[in-house]
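J.: Residue numbers (the working numbering): 190 to 418.
First, the structure itself, so that you have it in front of you.
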Amino acid sequence: MAQGQQERLRGIIDYPKHFIPVVGEPIAYRTVRLIRQIARTAKIWAVCPQPSKTDFHWKSLAHYVGVELLHPTNPGLCILDGIRNTRDLWSQNDRTVILMADTIFSRAALGAILADQKPLRFAGSYTTAGGIVELFSLSFAPECQADVRHWLDEVPCHKERHAGVPDFQAGHLRNLLHVATGDKWRQPLTWYQPPECFLPITDWTKDIDTVEDIGRIPWIEWKIKEEEG
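Dropping the structure here:
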């Protein structure tokens, strides 16, 4: 899922952040490679903006790696709009796993996400001192699809934005987590014990949003080399 506008990296890189090289391999290519090694029969879609005439990154991913591309005609404003646009792709027979395409996953973290059999799971970084930091994925079984559709429509950021509330921040995946767990979404998440539907990722897995995140890539590369032996 590549829904963001990478506003915080505007002027820093002039191509989609999902193709920043890590140990010589673009992030998106690496994620697809790991998925195929861990879950060989997985059907992989890249949900991304329509490439411009001068940007061939997503087309190249489809051509060289063999994934399917989905370019929503109405992408919306946020990750929740993007997830809503994938509804026709949700599996009727197996789990649906939605990964954030700007995340550099460890093999262990991605393996845990793909192997999970809980009916509903959000996975992300977690600290006992401050609760949930970042969310990297959402996965759910076929019997949870109706609930996920309902939560996507009921999440306050979606309802208020479409009700004409001005200057309202577009939704984030954590807003969906708030609704799914019955939490008041405006109240910060400071769980000392994460909810059952949350899978804590406690290693070096990291999403790339800021210049500081890019600065951490050499350390992440060192961790990848250490992981791969």
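Cβ coordinates follow ideal geometry from the N, Cα and C atoms, glycine included.
In this text the structure is predicted, and so the values were computed from the model without any measurement.
Which ranges would you report for the alpha helix (DSSP H) in the segment 195 to 260 if only whole runs of at least 4 residues count?
T.: With a minimum length of 4 residues, the continuous alpha helix (DSSP H) runs that stay inside the segment 195 to 260 are 216 to 227, 246 to 254.
J.: Have a look at aspartate 396 and phenylalanine 325 and give me their C-alpha separation to the nearest angstrom.
T.: Going by the C-alpha atoms only, they are around 7 Å apart.
J.: Could you check the C-alpha separation between cysteine 267 and glutamate 343 for me, to the nearest Å?
T.: The alpha-carbon atoms of cysteine 267 and glutamate 343 are separated by roughly 15 Å.
J.: When you compare the CB positions of leucine 250 and alanine 235, do they come within less than 8 Å of one another, or not?
T.: The answer is yes: Cβ separation under 8 Å.
J.: Express the C-alpha separation of alanine 298 and asparagine 282 in angstroms, rounding to a whole number.
T.: Those two C-alpha atoms are separated by around 24 Å.
J.: Three or more beta-carbon pairs under 8 Å between the segment 298 to 316 and the segment 324 to 340, yes or no?
T.: The segment 298 to 316, when compared against the segment 324 to 340, does touch it at the 8 Å Cβ threshold.
J.: Just how far apart, CA to CA, sit methionine 190 and glycine 404?
T.: Whole-angstrom Cα-Cα distance: 23 Å.
J.: Which stretch, first to last residue, makes up the alpha helix (DSSP H) that contains leucine 365?
T.: Here the alpha helix (DSSP H) through leucine 365 covers 362 to 369.
J.: Report all residues from its chain with a CB closer than 7 Å to the CB of tryptophan 408; omit the five preceding and five following residues, and keep chain order.
T.: So no residue of the chain qualifies.
J.: Whose C-alpha, out of Ala217, Asp291, Arg338, is nearest the C-alpha of asparagine 274?
T.: Cα-wise, what sits closest to asparagine 274 is Arg338.
J.: Which residue or residues does DSSP assign as beta-bridge partners of serine 328?
T.: Partner(s): Val286, Arg310.
J.: Once DSSP output is grouped into helix, strand and coil, what is the label at glutamate 323?
T.: Glutamate 323: strand per DSSP, three-state reduction.
J.: According to DSSP, what are the bridge partners of proline 389?
T.: Answer is Gly313.
J.: Quick check on the burial criterion: 16 or more other C-beta atoms within 10 angstroms. Buried or exposed for lysine 206?
T.: It counts as buried.
J.: How would you call alanine 335, buried or exposed, if buried means at least 16 neighbouring beta carbons within 10 angstroms?
T.: Alanine 335 should be labelled exposed.
J.: Between aspartate 392 and arginine 296, what straight-line distance do the alpha-carbon atoms span, to the nearest angstrom?
T.: Computed Cα separation, rounded: 10 Å.
J.: Just to check my reading of the structure: isoleucine 287 and isoleucine 272 have Cβ atoms closer than 8 Å, yes? What is that Cβ distance to the nearest angstrom?
T.: Their Cβ separation, rounded to whole angstroms, is 6 Å, which keeps isoleucine 287 and isoleucine 272 in contact under 8 Å.
J.: Rounded to a whole number of angstroms, what is the C-alpha to C-alpha distance between alanine 290 and glutamine 192?
T.: Each residue's Cα considered, the two are about 9 Å apart.
J.: Measure the alpha-carbon distance for leucine 365 versus leucine 269 and round it to whole angstroms.
T.: Their backbone Cα atoms lie some 8 Å apart in a straight line.
J.: Run through the DSSP bridge pairs and tell me what threonine 292 is partnered with.
T.: In DSSP, threonine 292 forms a bridge with Asp396.
J.: Assign alanine 191 to one of three DSSP states: helix, strand, or coil.
T.: Three-state DSSP puts alanine 191 in coil, outside helix and strand.
J.: With 16 as the cutoff for other CB atoms within 10 Å, does aspartate 203 come out buried or exposed?
T.: Aspartate 203 should be labelled exposed.
J.: Which first and last residues belong to the alpha helix (DSSP H) in which arginine 338 is found?
T.: Segment 334 to 343, the alpha helix (DSSP H) holding arginine 338.
J.: When burial is assigned at 16 or more other CB atoms within 10 Å of the CB, is arginine 199 buried or exposed?
T.: With fewer than 16 other Cβ atoms within 10 Å, it is exposed.
J.: Please confirm whether isoleucine 413 and valine 254 have their CB atoms less than 8 Å apart.
T.: Taking 8 Å as the Cβ cut-off, isoleucine 413 and valine 254 do not qualify as a contacting pair.
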